[in-house]
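Novice: Take a look at this one; I'll ask things after.
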Amino acid sequence: MNPEEKNPLQSLRTYQGDIEETLSKNKTSISSIVIMEQKRREQALGEDGLERNSGRRNKFFIIIGGTLLLLGITTVGIVYYMQSQNEIIAVQKTKALLAFGEEKIVPIETQTREKLVSLFDKEKESFKLPVNSILYINIVGEADISAPITLVLSLLAPRMPPSLLRSFEEKYMLGVYSFDTNEFFIILKTSDFATSFAGMLKWEADLQKDIGVLFDIEQNASTTINIFVDRSLKNKDLRILKDSVGNTLLLYSFVDKNTLIITKNETVFGAILPKYLIQKAAL
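Just so it is clear: in the sequence shown, position 267 is 295 by my numbering, and no numbers are missing.
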């Protein structure tokens, strides 16, 4: 046998000797080595499991976070939409000088005075909302925008003094108040109190002829003498048109330096005034 060839048995013994020498030096046993190797493998498996569990948790939190974010965006969108709709409704209901329960559009183009008065009377009679409700008669011209006050008054009140007509601003309201009977009212805004006040005193001679029909005042009682008298109500000065036996036919009052209210009687005025003051405070 070639002396350079190694005997397998000799190699095995050599390896065995090396192991025994290592065990002897480290004062360990084969069982200890096996146990340590088992722990090493379990630790490696544990770390791998933790990594997998951590990945699952991260994915779970990402899904939950995305869902909550989407839910939040949806909720904000719904709330914004509802608020915008409420704002639209509020604007529609308060665009006049009084808050109102119902609105009727009346076109003024091609209308004669008689036809316009007839339309007003028809709306007054057909208004069926509960007592203390307001019908807003929205008189419109071209492009469905509010007709100029000068056009409305020149048609309804042809005898109104020109200076009085010019003193009124474009913000105005014609409407019906629901009471025992439906009653008409007019609210006008002025930029010149002195001119408007003097003009109203001058117009008193023809006021009944011009707008008396809107307040159910008979126009053919030529022998009846109706006069204006001064009264006060709710700390406001009134000019009241009385018939020969003292019944109120209509009245008007400058409730402030910029606002004129014309209506049927003291009861309706007493109901319209606080509505106007509330609306004024809200604007």
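Glycine residues also receive a C-beta, built at the ideal position from the N, C-alpha and C atoms.
Grab me the residues of D238's own chain with a C-beta within less than 8 Å of its C-beta, minus the 5 sequence neighbours each way, in chain order.
Specialist: So the qualifying residues of the chain are L184, A185, P186, R187, M188 and W231.
Novice: Can you find the residues in the same chain that come closer than 6 Å, C-beta to C-beta, to E211, ignoring five residues on each side of it along the sequence?
Specialist: If we look at E211 and ignore the five residues flanking it on each side, its Cβ neighbours are Y205, K292 and V296.
Novice: In or out: N275 buried (at least 16 other Cβ within 10 Å) or exposed?
Specialist: It counts as exposed.
Novice: Pull up the distance between the alpha-carbon of R141 and that of V180, whole angstroms please.
Specialist: For R141 and V180, the distance between alpha carbons rounds to 9 Å.
Novice: Counting along the chain, where does the alpha helix (DSSP H) carrying I167 start and finish?
Specialist: Here I167 belongs to no alpha helix (DSSP H); instead the beta strand (DSSP E) covers I162 to V168.
Novice: Let me know if T102 comes out buried or exposed under the rule of 16 or more other beta-carbons within 10 Å of its beta-carbon.
Specialist: Classification for T102: exposed.
Novice: CA-CA distance, K121 and A310?
Specialist: In this prediction, K121 scores a pLDDT of 48, lower than 50, which makes its location untrustworthy; the coordinate-derived value is nonetheless stated afterwards. Approximately 13 Å, taken between the alpha carbons.
Novice: Between which two residues does the alpha helix (DSSP H) carrying K150 extend?
Specialist: Start and end: R141 to S154.
Novice: Which same chain residues end up closer than 7 Å to V241 when comparing Cβ atoms and leaving out the 5 residues on each side of it in sequence?
Specialist: So the list reads V145 and Q247, once near-sequence residues are dropped.
Novice: Enumerate in chain order the residues of its own chain whose CB-to-CB distance from K152 is below 7 Å, with the five nearest sequence positions on each side excluded.
Specialist: Cβ within range, chain order: V204, N210 and F212.
Novice: V180 lies in the alpha helix (DSSP H); which residues open and close that run?
Specialist: Taken as a continuous stretch (DSSP letters only), the alpha helix (DSSP H) holding V180 covers I177 to L184.
Novice: Among the residues of its own chain, which have a CB less than 6 Å from the CB of T223, if the five just before and after it don't count?
Specialist: The residues are S191 and S195.
Novice: From A226 to L269, what distance separates their C-alpha atoms?
Specialist: One C-alpha to the other measures close to 17 Å.
Novice: Does the separation of the CB atoms of I289 and I300 fall below 8 Å?
Specialist: Going by C-beta atoms, I289 is nearer than 8 Å to I300.
Novice: Can you list, in chain order, the stretches of the beta strand (DSSP E) that have 3 or more residues and sit fully within the stretch 178-266?
Specialist: Fully enclosed beta strand (DSSP E) runs of 3 or longer: 196-205, 211-218 and 255-261.
Novice: If I measure Cβ to Cβ from K217 and keep anything under 7 Å in the same chain, skipping five residues before and after, which residues do I get?
Specialist: Around K217: F196, E197, K199, Y200, N286 and T287.
Novice: Taking DSSP's pairing of strands, which residues face K270 in a bridge?
Specialist: According to DSSP, K270 bridges with I255 and T276.
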